[in-house]
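Okay, so here's the structure we're looking at.
There are 2 protein chains.
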Amino acid sequence: MKILDGKLVSDKIKHKLTKEVNQLDSKPGLAVIQVGNEAASEIYVNNKQKAATEIGLEFRHLHFGNISEEDLILEIIKLNNDDAIDGIIVQLPLPRYMNEELVLNSIDAGKDVDGLTDINLGKLFSNKDCYIPCTPLGITELLNEYKIDVAGKNVVIVGRSRLVGKPMAMLLLNMDATVTICHSKTIDLAEFTSHADILIVAVGKRGLIGPKMVKNDVIIIDVGINRIDNKLYGDVLFDDVIDKVKYITPVPGGVGPMTVVSLLKNTIESYKKRH
Amino acid sequence: MKILDGKLVSDKIKHKLTKEVNQLDSKPGLAVIQVGNEAASEIYVNNKQKAATEIGLEFRHLHFGNISEEDLILEIIKLNNDDAIDGIIVQLPLPRYMNEELVLNSIDAGKDVDGLTDINLGKLFSNKDCYIPCTPLGITELLNEYKIDVAGKNVVIVGRSRLVGKPMAMLLLNMDATVTICHSKTIDLAEFTSHADILIVAVGKRGLIGPKMVKNDVIIIDVGINRIDNKLYGDVLFDDVIDKVKYITPVPGGVGPMTVVSLLKNTIESYKKRH
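Protein sequences appear in the order of chains A and W. In terms of my numbering, the first sequence is residues 3 to 277. In terms of my numbering, the second sequence is residues 3 to 277.
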């Protein structure tokens, strides 16, 4: 089987986490802050809520239709000081009138289970204990589960976002991979992708990667989520590359569930550190 | 001329900075903390002192032969609260018995002119205003001075340190370069270096890069400083590659002076922000 089955692996991990939560003295608490009514955010928050309650976490959903930046930060500070809350995440994107940086960095670094505060991102540079952003963390867990060693491998990442591309690069460097980061300004993308042992694509552009852009036996991690006519597609032409790949993540059912499960893991880790 | 002359450019910048400092109401203050008696540290601190006083900064050298981690942090806190001090740097390496992370992160992020606190490194991820580590910053200044545009270029960095390789990669990504980071676990280093438009080498291994490892018209930035029989050598075999390169930095007189000048610039910037 060529499929890196994120659904299966995440179910297995959730089973383990459920047992772990049962043995704790109290329920770890996860708070998700949502501002506005983006359809995609709605779905993501629901997925997180479902997974969190499934494994026995306390889930608190703070949903604001309209709130000032100042009031939002006050809400975050309340959660920082709330002993029942171990993890705080802000569903992105925030409305344009808000300073995303300012809002994110008002989260206590010890409860920043999305790993997006300056302090946690900075610690990644030094390979120090920190909360790692959930998508990169979930990807490394998935690779681990399939015993895919990245050390010495030529890993090419397409996309340089703060949520995926950049932290993924730091994490993989810390794991001894040789890492190339490509993006929209890369002149000949195929020149890089076609040499990758492991290709991680996080752009959000359906059909970006086809069979001519990858070598035989490549391992592909497709982080793209493109919703078209209510159906989900990755950034990679799955059906066209499947014969060439050694492994590939499907969309949906690949990276997505692993991201959610990493959030749960980080929240439980925070609970343990705080108790 | 193929030489990226860091000495010349840094002199030019120092000249400009001297004028700038003369127009300020008071002298910006730079404090350098040194622990132990490493010969190399001695030289680096002297270079910084010489450059700082040359352009009119107030230079404070705190040199401890032997000090506990706790007392060192107390000294840093005193400097954090000292209004005459705008920049604080800790000369690395610290003695092994000290927790470098803890010491560095006790520096106020606003006075962290070496850009090595978690907060400043984290801000680099998001391309936000921050103090950028002096070597990567100096390298981009040097490239600017010679009107070398990195956007869309294939830049290969050899070395993944927190001081050079990793922040350099983030900085270049923010400048639209396609970036590959190689290191000691990279299996076929030449495969990567030989495709580089711009090659940045920061390993500390004399003779690591020879003519067979680079393509014609490459631009080489040699960050290596290897002291052998009291003579300085870079990581690149300068005489052997000179015919192939478009540009190259010499060692000494390339990246070194640019690093020092970046420290001065960051200190003046901190003074301005604080006044």
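Don't be surprised by glycine CBs; every beta carbon is placed ideally from N, CA and C.
Not one beta carbon of chain A lies nearer than 8 Å to the beta carbon of Thr137/W.
Taking a beta-carbon distance threshold of 8 Å, Lys275/W does not count as an interface residue toward chain A. In the three-state scheme derived from DSSP, where H, G and I count as helix and E and B as strand, Arg276/A is classed as helix. In the structure shown, Tyr46/W falls within a helical segment according to DSSP collapsed to helix, strand and coil. Sixteen is the threshold: when 16 or more other Cβ atoms of the shown chains lie within 10 Å of the Cβ of Gly258/A, as they do, the residue is buried.
Boundaries of the beta strand (DSSP E) harbouring Gly31/A: Gly31 to Val37, taken from the DSSP string. Taking 8 Å as the cut-off, the Cβ atoms of Ala42/W and Ile87/W do not count as close. The Cβ atoms of Val115/A and Thr251/A lie no closer than 8 Å to each other. For the 8 Å CB-CB criterion, Gly124/W and Thr119/A form a contact. Put simply, the CB of Val205/W is far from chain A, with every gap to its CB atoms at 8 Å or more. Taking a Cβ-Cβ threshold of 8 Å, the residues of chain A close to Thr119/W are Gly124, in chain order.
Counting along the chain, Ile69/W sits inside no alpha helix (DSSP H), nor does DSSP assign it H or E at all.
Put simply, the CB of Ala153/A is near chain W, with a gap under 8 Å to one of its CB atoms.
For Glu103/A, the residues of chain W that pass the 8 Å Cβ criterion are Ser128 and Lys130, in the order they occur in the chain. Here Thr137/W has Leu165, Val166, Val225, Val257 and Thr261 as same chain residues with Cβ atoms under 7 Å from its own Cβ, once five neighbours each way along the sequence are excluded. In the DSSP assignment, Cys184/W falls outside any alpha helix (DSSP H) and lies within the beta strand (DSSP E) extending over Thr180 to Cys184.
A contact is defined here as three or more CB-CB pairs under 8 Å, and the stretch 9-25 of chain W fails this definition with respect to the stretch 78-95 of chain A. Contact note: Met215/W does not reach chain A at a C-beta cutoff of 7 Å; the least C-beta distance is about 15 Å. Nearest C-alpha to Tyr133/W among Ile90/W, Lys246/W and Phe194/W: Ile90/W. Assignment of beta-bridge partners to Leu201/A by DSSP yields Val158/A and Ile222/A.
In this structure Ile159/A is in contact with Ala171/A, their Cβ atoms being roughly 6 Å apart against a cut-off of 8 Å. Contact note: Arg98/A does not reach chain W at a C-beta cutoff of 7 Å; the least C-beta distance is about 16 Å. The C-beta of His277/W has fewer than 16 other C-beta atoms within 10 Å across all chains shown, which makes the residue exposed. For Ile230/W, DSSP records a beta bridge to Lys233/W.
DSSP places Val92/W in the uninterrupted beta strand (DSSP E) bounded by Gly89 to Val92. Using a Cβ distance threshold of 8 Å, Val243/W and Ile223/W do not count as a contacting pair. Neighbours of Leu175/W in chain A, taken as residues at a C-beta separation under 9 Å, are given in chain order as Arg162, Gly167, Lys168, Ala171, Ile183 and His185. Per DSSP, reduced to three states, the secondary structure at Ile244/W is coil, with no helix or strand assignment.
Sorting Leu266/W, Glu271/W and Lys274/W by C-alpha distance to the C-alpha of Thr55/W places Leu266/W at the top.
Interface criterion not met: the Cβ of Thr195/A is under 8 Å from no Cβ in chain W. The residue among Pro254/W, Ser28/W, Leu239/W and Ile5/W with its C-alpha nearest the C-alpha of Tyr273/W is Ser28/W. Near chain A, meaning a CB-to-CB distance below 7 Å, no residue of the stretch 240-264 of chain W qualifies.
In this model, Asp219/A and Asn39/A are separated by some 42 Å (Cα to Cα). Shown here, Ile270/W sits in a helix according to DSSP, grouped into three states. Ile75/A is outside the set of residues whose beta carbon lies under 8 Å from a beta carbon in chain W. At least 8 Å separates the CB of Ile78/W from every CB of chain A.
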